[in-house]
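Student: If you scroll down you'll find the structure; I have some questions about it.
Protein chains: 2
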Amino acid sequence: MHKTLKRAVTLIFLGICSIGPTSLLASAADPLPSWQDTQTKAAITAFVQAVIDPDNPRFVPQDQRIATLDNDGTLWTEKPLYIHVLANFERMKEQMQQNPSLKKQQPYTAIASKKLDYFKALYENQGLDSLVGQLMAVPYGGMTTNDYANWIRNWAKDWQHPKFKRPLNQLTYAPMRELITYLKDNQFQVYIFTADEGDFLKLFSQELYGIPPQNVFGSSVHRDFTMREEGTAITRAYRIQYINNWSAKARLINATFGHAPTLAAGNSNGDLQMLQYTSANGGLSLLVHHTDDKRETAYDSHTDKVMTNAQKHGWTVIDMVQDWRSVFSK
Amino acid sequence: MHKTLKRAVTLIFLGICSIGPTSLLASAADPLPSWQDTQTKAAITAFVQAVIDPDNPRFVPQDQRIATLDNDGTLWTEKPLYIHVLANFERMKEQMQQNPSLKKQQPYTAIASKKLDYFKALYENQGLDSLVGQLMAVPYGGMTTNDYANWIRNWAKDWQHPKFKRPLNQLTYAPMRELITYLKDNQFQVYIFTADEGDFLKLFSQELYGIPPQNVFGSSVHRDFTMREEGTAITRAYRIQYINNWSAKARLINATFGHAPTLAAGNSNGDLQMLQYTSANGGLSLLVHHTDDKRETAYDSHTDKVMTNAQKHGWTVIDMVQDWRSVFSK
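Here the protein sequences line up with chains A and B, keeping their order. Counting along the first sequence from 1, when you hit position 313 you're at 938 in the numbering used here, and nothing is skipped either side. Counting along the second sequence from 1, when you hit position 122 you're at 747 in the numbering used here, and nothing is skipped either side.
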């Protein structure tokens with residue numbers, strides 16, 4: 626190769642390969658177009674720019690740049706009921722059609738008689754009498770994890786949200802999906818920490834958020850392992866292994882990474898300790914506040930503790946009306 | 626830019642960027658130089674080349690290309706005692722110096738009187754009476770996880786293995802570290818599934834293996850979360866959360882990824898179900914067989930079930946004498 630050409634090629638190769646195509650795009654366009662140009666957006670971008678800058682006192686090395694995001698009410702809609710709970714109701718209706726005697730026992734009685742207060746009373750329980758136990762362990766007990774995945778995928782195929790008349794991928798918040806991409810473009814490793822069962826969300830996390838199943842940490846049911854003649858089988862037991870809510874989220878984050886996240890986002894009291902753990906260690910805590918009755922649902926249930934702490938610790942509160950140009954993904 | 630130059634630059638850029646520097650190097654040199662040119666090495670490389678080839682029936686898409694490796698006896702030496710156990714003994718001796726009355730209670734009595742058979746009897750126990758409970762939960766109970774990390778790091782600093790007179794990083798197996806690099810170069814995501822406590826290995830996994838802490842899944846103690854005036858504190862409780870051995874490894878792999886690994890490696894009965902789960906789903910199961918009394922330690926304790934299954938299911942058995950040119954990392 627001609628010497629000048631060779632040098633030109635080398636320089637261009639080193640230059641372009643080290644910058645990379647993502648950064649080129651990122652600098653050209655607004656990475657958060659669904660966010661209004663408010664203080665909230667400015668606080669997020671200023672924080673991210675600080676932690677990626679080696680000369681900034683807030684700099685966080687790339688290998689420790691972790692984001693932990695709640696899902697229900699933070700990345701996708703959770704009202705009038707958690708999406709997964711709506712799936713579980715359909716599962717139980719199907720089971721009652723096949724075996725009507727199930728109606729005589731809980732949680733089936735509550736569904737059959739439409740007395741959903743039964744579930745509300747379980748909110749802070751542990752074990753099989755918890756929401757996770759009654760809604761996630763019981764209706765799928767004894768199933769292999771493969772059969773479970775097939776049942777859920779099949780349910781999701783044609784399902785539409787009863788209120789918003791949208792499929793799963795359009796129930797996610799466009800601004801939060803942009804935030805995930807923005808964080809990844811700035812070398813954050815993005816994880817979901819949900820109180821919902823991990824097995825459910827893991828089936829959709831890659832498609833919805835570009836987050837692989839192994840980066841989703843949720844509640845879990847115990848499973849049984851058997852070696853059979855035709856192969857191994859892993860089945861779901863009628864037993865809870867972990868409920869990933871309240872302090873359990875902060876504890877599992879600590880157990881997973883060995884340190885606090887650089888950024889965390891949540892929306893309810895179940896996220897309290899995760900957000901405390903993050904801000905107490907110099908990270909950014911984001912709180913999605915559901916103010917928007919026009920485009921989504923305005924509510925303050927299960928938010929008293931996080932709202933008080935947001936004030937006290939200076940967390941960044943996202944006001945859906947003020948801060949989001951659009952709500953749902955298209 | 627001159628038109629021909631521009632076209633040349635574009636072609637070279639596209640070419641080099643899509644191949645990437647790793648592949649260029651990989652094709653030039655033997656990726657497994659510490660392995661003898663035996664059938665074992667050939668089986669490993671043939672398998673890896675098959676699963677990365679889209680035209681091969683064994684092809685595994687990149688996002689599902691997971692490797693799960695045991696650590697003790699698979700990636701580093703475990704005899705005469707697990708390395709972590711040696712650390713725990715030093716911890717307990719330190720505690721007894723500060724508080725001699727501890728000698729009256731287990732597990733301290735066993736250490737003080739050198740009756741280590743006490744621990745052998747705990748091997749298959751659960752809860753606080755298990756090996757994990759007596760050796761990992763009790764000696765560090767009530768400590769913050771930060772203080773724990775500092776204690777362990779400080780212990781490791783000048784520590785040498787009593788038999789091999791080597792520091793931590795030279796107790797790892799050179800062929801297995803090469804295997805990890807080879808797998809990563811072929812777009813495997815590499816995880817460690819250890820029966821040892823995750824909190825211990827997570828402190829060293831990046832340095833030793835290039836595996837970040839969040840990719841290490843081990844046994845765990847329960848932890849407590851408290852919000853104090855000066856910040857959050859996460860402390861280690863006198864309680865076991867998970868013992869990641871036997872079928873628990875296969876179950877946790879299933880819960881983490883939603884599917885079986887593409888490749889797994891182990892060395893003892895504690896890895897049985899992980900290896901069964903892998904091979905029953907088309908993956909490669911590797912079994913490290915400790916045959917080498919000259920360079921390491923020859924033993925067959927806790928291997929009867931995995932050896933029988935290796936024969937039955939055609940797992941690839943690594944004979945340390947025959948298959949490894951060198952054993953320890955330098």
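Note that the Cβ used here is the ideal one computed from N, Cα and C, for glycine as well.
Looking only at C-alpha atoms, which of A:796, A:676, A:764, A:742 sits nearest to residue 700 of chain A?
Tutor: Here residue 700 of chain A refers to the residue found at position 75 when the first sequence is read from its first residue. Nearest of A:796, A:676, A:764, A:742 to residue 700 of chain A, Cα basis: A:796.
Student: Could you list the residues in the region 682 to 695 of chain A with a C-beta less than 9 angstroms from some C-beta on chain C, going in chain order?
Tutor: Going by chain labels, chain C is absent from the structure shown, which instead holds the protein chains A and B.
Student: Can you name the start and end residues of the beta strand (DSSP E) that residue 813 of chain A belongs to?
Tutor: Working through the first sequence from its first residue, we reach residue 813 of chain A at position 188. Counting along the chain, residue 813 of chain A falls outside any beta strand (DSSP E), and DSSP gives it neither H nor E.
Student: Smallest Cα separation from residue 927 of chain B: which of B:953, B:915, B:689, B:847?
Tutor: On the second sequence, position 302 is the one that residue 927 of chain B refers to. Among B:953, B:915, B:689, B:847, the Cα nearest to that of residue 927 of chain B belongs to B:915.
Student: In the region 695 to 782 of chain B, which residue ranges form an unbroken alpha helix (DSSP H) of at least 4 residues, counting only runs that do not cross its ends?
Tutor: If we require 4 residues or more, the alpha helix (DSSP H) runs fully inside the region 695 to 782 of chain B come out as 708 to 723, 733 to 737, 742 to 745.
Student: Kindly indicate if chain B contains any beta-carbon less than 8 angstroms away from that of residue 845 of chain A.
Tutor: Start at 1 with the first residue of the first sequence, and residue 845 of chain A comes out as number 220. Chain B, which has a Cβ nearer than 8 angstroms to the Cβ of residue 845 of chain A, makes this yes.
Student: Once the 5 residues before and after residue 646 of chain B are set aside, which same chain residues still bring their CB inside 6 angstroms of it?
Tutor: Working through the second sequence from its first residue, we reach residue 646 of chain B at position 21. Low confidence applies to residue 646 of chain B: its pLDDT is 46, below 50, so where it sits in the model is not reliable, and the reading given next is rough at best. Closer than 6 angstroms at Cβ, skipping near neighbours: no residue.
Student: Nearest CA to the CA of residue 734 of chain B: which residue from B:945, B:764, B:936, B:833?
Tutor: Counting from 1 along the second sequence, the entry for residue 734 of chain B is found at position 109. Closest by alpha carbon: B:764.
Student: Just the Cα atoms here: how many angstroms apart are residue 730 of chain B and residue 716 of chain B?
Tutor: By 1-based counting over the second sequence, the position of residue 730 of chain B is 105. By 1-based counting over the second sequence, the position of residue 716 of chain B is 91. If you take the alpha carbons of residue 730 of chain B and residue 716 of chain B, they lie about 15 angstroms apart.
Student: Going by beta-carbon coordinates alone, are residue 657 of chain B and residue 807 of chain B separated by less than 8 angstroms?
Tutor: Here residue 657 of chain B refers to the residue found at position 32 of the second sequence. Here residue 807 of chain B refers to the residue found at position 182 of the second sequence. Contact flag set, yes.
Student: Would you kindly check if the distance between the Cβ of residue 866 of chain A and the Cβ of residue 691 of chain A is under 8 angstroms?
Tutor: Here residue 691 of chain A refers to the residue found at position 66 when the first sequence is read from its first residue. Here residue 866 of chain A refers to the residue found at position 241 when the first sequence is read from its first residue. In this structure, residue 866 of chain A does not lie closer than 8 angstroms to residue 691 of chain A by Cβ.
Student: Pull up the DSSP beta-bridge partners for residue 891 of chain A, would you.
Tutor: Locating residue 891 of chain A in the first sequence gives position 266, where the first residue counts as 1. DSSP, once it has assigned bridges, lists A:912 as partnering residue 891 of chain A.
Student: Give the straight-line distance between the Cα atoms of residue 872 of chain B and residue 892 of chain B, rounded to the nearest whole angstrom.
Tutor: One-based indexing of the second sequence puts residue 872 of chain B at position 247. One-based indexing of the second sequence puts residue 892 of chain B at position 267. Those two C-alpha atoms are separated by around 15 angstroms.
Student: Please tell me whether residue 651 of chain B has its Cβ less than 8 angstroms away from any Cβ of chain A.
Tutor: Mapped onto the second sequence, residue 651 of chain B falls at position 26. Any reading at residue 651 of chain B must be qualified, since the residue scores a pLDDT of 47, below 50, and its modelled position is unreliable; the value itself is stated next. So no, residue 651 of chain B is outside the interface.
Student: Give a yes or no on whether the minimum CB-CB distance between residue 926 of chain B and chain A is below 8 angstroms.
Tutor: To locate residue 926 of chain B, count along the second sequence from 1; it is residue 301. For residue 926 of chain B, the answer is no, since every Cβ of chain A falls outside 8 angstroms of its Cβ.
Student: Use the C-beta contact count for residue 787 of chain B: other C-beta atoms within 10 angstroms, 16 or more gives buried, fewer gives exposed.
Tutor: Taking the second sequence and counting its residues from 1, one reaches residue 787 of chain B at position 162. When all chains shown are included, residue 787 of chain B counts as exposed.
Student: Any idea what DSSP makes of residue 821 of chain B, helix, strand or coil?
Tutor: Locating residue 821 of chain B in the second sequence gives position 196, where the first residue counts as 1. If DSSP states are grouped into helix, strand and coil, residue 821 of chain B belongs with the strands.
Student: Provide the residue span of the beta strand (DSSP E) that contains residue 866 of chain A, from first to last.
Tutor: Locating residue 866 of chain A in the first sequence gives position 241, counting from the first residue. Where residue 866 of chain A is concerned, the enclosing beta strand (DSSP E) stretches over 856 to 867.
Student: Can you tell me the Cα-Cα spacing of residue 782 of chain B and residue 789 of chain B, whole angstroms?
Tutor: Locating residue 782 of chain B in the second sequence gives position 157, where the first residue counts as 1. Locating residue 789 of chain B in the second sequence gives position 164, where the first residue counts as 1. Those two C-alpha atoms are separated by around 16 angstroms.
Student: By DSSP, does residue 677 of chain A sit in helix, in strand, or in coil?
Tutor: Along the first sequence, read from residue 1 onward, the residue named residue 677 of chain A stands at position 52. Residue 677 of chain A falls in the coil class under three-state DSSP.
Student: Report the three-state DSSP secondary structure of residue 602 of chain B (helix, strand or coil).
Tutor: Nothing about residue 602 of chain B can be read from this structure; chain B reaches only from 626 to 955.
Student: Within its chain, find whatever has a CB closer than 6 angstroms to the CB of residue 859 of chain B; leave out the 5 residues flanking it on each side and keep chain order.
Tutor: Here the question's residue 859 of chain B lines up with position 234 in the second sequence. Here the set comprises 770, 848, 850.
Student: Could you check how far apart the C-beta atoms of residue 756 of chain A and residue 748 of chain A are, in whole angstroms? I think they sit under 8 angstroms.
Tutor: By one-based count along the first sequence, residue 756 of chain A stands at place 131. By one-based count along the first sequence, residue 748 of chain A stands at place 123. 6 angstroms between Cβ atoms; contact.
Student: For residue 805 of chain A, which of helix, strand or coil comes out of DSSP?
Tutor: What you label residue 805 of chain A is simply residue 180 of the first sequence in a count that begins at 1. Residue 805 of chain A falls in the helix class under three-state DSSP.
Student: Going along the chain, which residues of its own chain have a beta-carbon closer than 6 angstroms to the beta-carbon of residue 938 of chain B, five neighbours each way excluded?
Tutor: In the second sequence, residue 938 of chain B corresponds to position 313, counting from 1. Hits under 6 angstroms: 904.
Student: Tell me the rounded alpha-carbon separation between residue 876 of chain B and residue 697 of chain B.
Tutor: Position 251 of the second sequence, counted from the first residue, corresponds to residue 876 of chain B. Position 72 of the second sequence, counted from the first residue, corresponds to residue 697 of chain B. Straight-line Cα distance between these residues: approximately 19 angstroms.
Student: Flag residue 827 of chain B as yes if its beta-carbon sits less than 8 angstroms from any beta-carbon of chain A, otherwise no.
Tutor: Start at 1 with the first residue of the second sequence, and residue 827 of chain B comes out as number 202. By this cut-off, residue 827 of chain B is an interface position.
Student: When the distance is taken between beta carbons, is residue 669 of chain B closer than 8 angstroms to residue 941 of chain B?
Tutor: Along the second sequence, read from residue 1 onward, the residue named residue 941 of chain B stands at position 316. Along the second sequence, read from residue 1 onward, the residue named residue 669 of chain B stands at position 44. For residue 941 of chain B and residue 669 of chain B, yes; Cβs fall inside 8 angstroms.
Student: How about residue 910 of chain A: is its C-beta nearer than 8 angstroms to some C-beta of chain B?
Tutor: The residue you call residue 910 of chain A lines up with position 285 of the first sequence. Residue 910 of chain A does not count as touching chain B.
Student: Under the assumption that residue 843 of chain B contacts residue 828 of chain B (Cβ atoms under 8 angstroms), give the Cβ distance between them as a whole number of angstroms.
Tutor: On the second sequence, position 218 is the one that residue 843 of chain B refers to. On the second sequence, position 203 is the one that residue 828 of chain B refers to. Actually they do not touch by this definition, with Cβ atoms about 11 angstroms apart.
Student: Please go through the same chain and pick out, in chain order, the residues whose beta-carbon is closer than 8 angstroms to the beta-carbon of residue 678 of chain B, but skip the five residues on each side of it.
Tutor: Counted from its first residue, the second sequence places residue 678 of chain B at position 53. Excluding sequence neighbours, residue 678 of chain B sits near 684.
Student: Quick check: is the beta carbon of residue 852 of chain A nearer than 8 angstroms to any beta carbon in chain B?
Tutor: For this step, residue 852 of chain A is matched to residue 227 along the first sequence. It does: the Cβ of residue 852 of chain A has a partner Cβ on chain B nearer than 8 angstroms.
Student: Starting from residue 957 of chain A, trace the beta strand (DSSP E) both ways and give me its first and last residue.
Tutor: With chain A covering only 626 through 955, there is no way to say anything about residue 957 of chain A.
Student: For the region 871 to 886 of chain A, which residues have a CB atom closer than 7 angstroms to at least one CB atom of chain B, in sequence order?
Tutor: Here the close residues are 872, 875, 876, 879, 880, 881, 882, 883.
Student: What's the call for residue 907 of chain B, buried or exposed, on a 16-neighbour Cβ count within 10 Å?
Tutor: If you number the second sequence from 1, residue 907 of chain B lands on position 282. Residue 907 of chain B is exposed by the Cβ-count criterion.
Student: By a C-beta neighbour count over all protein chains shown, 10 Å radius and 16 as the cutoff for buried, is residue 840 of chain A buried or exposed?
Tutor: In the first sequence, residue 840 of chain A corresponds to position 215, counting from 1. Flag for residue 840 of chain A reads buried.
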